[in-house]
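**Q** There's a structure below that I have some questions on.
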Amino acid sequence: MLALFSQKEGNQRTEKLLELVFKAIPALNPSKEAGPYWSAVNKTMLSFSKKVDDLWKAEKQAAVETIAVAKDEALTYLAKEREKIMRMSHEEALKELAKVHKIESRIRTVQSVANNEILAIGN
677 MLALFSQKEG NQRTEKLLEL VFKAIPALNP SKEAGPYWSA VNKTMLSFSK KVDDLWKAEK
737 QAAVETIAVA KDEALTYLAK EREKIMRMSH EEALKELAKV HKIESRIRTV QSVANNEILA
797 IGN
């Protein structure tokens, strides 16, 4: 959003906006919560110019649309995975479960543990 604002309004106006944002931050009470920080940053930016507000709305709409598309893709993928699992035989399902939990890899790791004799120095 700042890059688009800079292209439309120039570096000097963008620097002024950033200066206002950086001045607003120290006025905040120290907190581990991110909400008040971002709220102050957002309010400062939105109050700077109508053009920032317009760009903000466009960015927000793009984010909403992107999230919706990502959710749809994820749900489609998960539905296909569920369908694949439901079609598995009992034996295939057990093998897949062992694979997902990395049982064989864990067994190899445990079997590879050896006494390195580090505590044998005093004997």
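Sequential numbering from 677 applies to the sequence shown in this note's numbering. Just so you know, even glycine gets a beta-carbon here, dropped at the ideal spot from N, CA and C.
Roughly how many whole angstroms lie between the Cα atoms of G686 and T785?
**A** 58 Å
**Q** Whole angstroms are fine: how far does the CA of L751 sit from the CA of E757?
**A** 10 Å
**Q** Hey, quick one: how far does the alpha helix (DSSP H) through E709 stretch, first residue to last?
**A** E709 -> no alpha helix (DSSP H), and no H or E assigned at all.
**Q** Terminal residues of the continuous alpha helix (DSSP H) containing E768?
**A** It spans H766 to V776 - the alpha helix (DSSP H) in which E768 sits, taken as one unbroken run.
**Q** Count the other CB atoms within 10 Å of the CB of V745; is the residue buried (16 or more) or exposed (fewer)?
**A** exposed
**Q** Which of the three DSSP states, helix, strand or coil, is assigned to M677?
**A** coil
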